[in-house]
Amino acid sequence: MKNLQKLHKENFFERVYTITKKIPHGKVTTYGAIAKSIGSANASRMVGWALNNTSFNETYIPAHRVVNRIGMLTGKHHFRHETLMQELLESEGVKVTNDKIVDFKNLFWDPSKELI
DNA sequence: CGTCTGACGCACG
DNA sequence: GCGTGCGCCAGAC
189 MKNLQKLHKE NFFERVYTIT KKIPHGKVTT YGAIAKSIGS ANASRMVGWA
239 LNNTSFNETY IPAHRVVNRI GMLTGKHHFR HETLMQELLE SEGVKVTNDK
289 IVDFKNLFWD PSKELI
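All you need for the working numbering is the position in the first sequence, starting with 1, plus 188.
As structure tokens, this is what we get:
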């Protein structure tokens with residue numbers, strides 16, 4: 189059914205937002221992990237694209253807790269200020285060096301554990 | 001309707 | 001171990 193497909197598309201954004209908002213304080217996750225948890229393991233690029241739209245979303249979404257698979261802050265240029273992403277992370281106790289999260293492996297939060 | 005783009009990820013050399 | 005290239009899906013033009 190067409191409506192169902194349309195609903196699915198809408199849920200793509202919804203799920204990305206929902207998962208992102210569930211990221212625990214002081215934890216981080218990856219675009220790929222989010223994509224996988226919403227059923228589209230290869231749609232990691234879409235996750236970043238969806239997060240870019242969070243700027244226009246009134247709801248607060250901690251997009252700064254989402255980085256790429258190696259823990260690098262590749263999306264910092266999309267924040268109001270390039271340093272904002274790092275500042276937000278560090279304010280939560282996440283150390284960042286050279287745009288890279290320190291001890292990323294230990295701070296990684298797996299979205300699939302949340303049973304969306 | 002073809003083509004390009006993107007806050008990624010992976011295979012390959 | 002690093003650089004390059006390609007696939008991925010959805011939207012813009």
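Beta carbons: idealized from backbone N, C-alpha and C, even for Gly.
Keep in mind it's a predicted model, so treat the numbers as computed, not measured.
Closest by C-alpha distance to Val216, when choosing among Leu295, Lys301 and Glu302: Locating residue 216 in the first sequence gives position 28, where the first residue counts as 1. If we check each option's Cα against that of Val216, Leu295 comes out closest.
Start and end residues, alpha helix (DSSP H) containing Met273: Against the first sequence, residue 273 aligns to sequence position 85. Leu272 to Ser279 is the extent of the alpha helix (DSSP H) around Met273.
CA nearest to the CA of Val284, picked from Leu261, Ser228, Asn240 and Leu239: On the first sequence, residue 284 is found 96 positions in, with the first residue counted as 1. Of Leu261, Ser228, Asn240 and Leu239, the residue nearest in Cα terms is Leu261.
Rounded straight-line distance, which links the Cα of Pro299 to that of Ser225: As a working mapping, residue 225 is identified with position 37 in the first sequence. As a working mapping, residue 299 is identified with position 111 in the first sequence. Those two C-alpha atoms are separated by around 6 Å.
Limits of the alpha helix (DSSP H) - the one that Met234 falls within: One-based indexing of the first sequence puts residue 234 at position 46. Note, Met234: alpha helix (DSSP H), Ser232 to Asn240.
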